[in-house]
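Note that the sequence shown covers residues 1 to 95 in UniProt numbering.
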Amino acid sequence: MLIIFGTKGYLYQLAILTLVCGQCGNPAAHTLRKRVTKFTLFFVPLFPVSTKYQTQCTFCGAEQKVDAEQAERLQAQAAGGGQRHGQPQQQPYQS
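As structure tokens, then:
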């Protein structure tokens with residue numbers, strides 16, 4: 001009997017935000033991405049093994065890992081349209 005198993009990665013773009021990059025210091029667009037690795041059996045993805053979030057600066061290409069809680073806040077900020085309650089649209093990008 002032959003059993004074929006392994007993993008497969010999926011990359012989802014969740015949002016595009018304007019942030020000040022911690023690497024280059026430029027206010028630029030950052031993509032918020034979610035990478036999910038799933039266990040596969042006979043090439044059929046069954047369940048997620050790991051989930052990771054990251055942002056990438058479109059100006060310099062620097063990537064920064066973020067945790068799930070930060071990713072949810074950034075995604076809510078993008079869905080809310082940026083400026084709320086007099087806050088500036090560009091938020092500092094520090095972790």
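Yeah, the Cβ is synthetic: ideal placement off N, Cα and C, and Gly gets one too.
{"Asked": "Inter-stretch contact at 8 angstroms, needing at least 3 Cβ pairs: the region 13-30 / the region 52-64", "Found": "yes"}
{"Asked": "Status (buried if at least 16 other CB within 10 Å, exposed otherwise) for Cys60", "Found": "exposed"}
{"Asked": "Supposed contact pair Thr55 and Leu46 - C-beta distance, whole angstroms, cut 8 angstroms", "Found": "Going by Cβ atoms, the distance from Leu46 to Thr55 rounds to 29 angstroms, so no, they are not a contact pair."}
{"Asked": "Completely contained beta strand (DSSP E) runs for the UniProt domain \"Zinc-ribbon 15\" (20-63), where each covers 3 or more residues", "Found": "27-41 and 44-57"}
{"Asked": "Straight-line gap, Gly9 to Val44 (C-alpha atoms, nearest Å)", "Found": "12 angstroms"}
{"Asked": "Cβ-based neighbour list, Val14, same chain, cut-off 6 angstroms, excluding 5 preceding and 5 following", "Found": "The amino acid at residue 14 is misidentified as Val; the sequence shows Leu. Contacts found: Leu32, Lys34 and Gln75."}
{"Asked": "Residue 96 versus Met1 - alpha carbon distance", "Found": "Because the chain in this structure spans residues 1 to 95, residue 96 falls outside the shown range and cannot be described."}
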